[in-house]
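Please read the structure below before turning to the comments.
Residue numbers (the numbering used here): 10 to 185.
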């Protein structure tokens, strides 16, 4: 079976809308990830679960990295030095990214080799920690950071974020 990453975003004309779509995708994948590790713990590994592990690995391995790049290379540079509050929030979000990536790397090491998973309790601990960090971060962004960003960025800047996101994926988008 071949595993392929499919970007959850196809429209980069408004970078903030594209970032929100990533958030919704991540939040929608949290419960299935936790269900997968629960099922593995209670039922053991089989081919279908191994395929789910690989699909999960393939998606998060690409999506997490791309999403963090989107924010750090496309969005944050437009906001730095706008206010002490925004700068502090950016610093916190970047620390979150480091924590999420560390948690992901521990979980990824398991998911990318499903046949080697022997300690399902450990897998569950890693998955719960990763999902918790990811969800808390996304909620912090959506509830606290995004409203400020929407108030600061104009339509041209939002488009600029989307163009940079597309560039990070080696895509071209037409601008007005």
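All residues carry an ideal CB built from backbone N, CA and C; glycine is no exception.
The structure displayed is predicted, hence computed values, not measured ones.
Among the options, the one whose alpha carbon lies nearest that of residue i
i, options, result
"residue 31", "147, 154, 164", "147"
"residue 178", "75, 168, 55, 41", "75"
"residue 132", "12, 157, 88, 51", "51"
"residue 118", "139, 26, 22", "139"
"residue 41", "61, 122, 56, 53", "61"
"residue 83", "180, 181, 167", "167"
"residue 124", "144, 115, 63, 95", "63"
"residue 56", "17, 37, 180, 126", "126"
"residue 25", "159, 134, 181", "159"
Straight-line Cα distance separating residue j from residue i
i, j, result
"residue 175", "residue 28", "12 angstroms"
"residue 156", "residue 93", "16 angstroms"
"residue 122", "residue 153", "37 angstroms"
"residue 49", "residue 129", "7 angstroms"
"residue 53", "residue 106", "31 angstroms"
"residue 97", "residue 103", "10 angstroms"
Range of the contiguous alpha helix (DSSP H) that encloses residue i
i, result
"residue 86", "85-88"
"residue 24", "24-52"
"residue 69", "56-78"
"residue 82", "It is not in any alpha helix (DSSP H) - residue 82 carries neither H nor E in the DSSP assignment."
"residue 7", "This structure gives no information on residue 7, because the portion of the chain shown stretches from 10 to 185."
"residue 177", "164-177"
Below-7 angstroms beta-carbon distance, residue i vs any chain D residue
i, result
"residue 111", "No chain D is part of this structure, which consists of one protein chain only."
Check: residue i C-beta below 6 angstroms from any heavy atom of the ligand SAM
i, result
"residue 179", "Questions concerning the ligand SAM fall outside what the structure shown contains, since it holds no ligand whatsoever."
### Message
So within the region 134-162, which uninterrupted alpha helix (DSSP H) runs reach at least 4 residues, ignoring any that extend past its ends?
### Response
155-161
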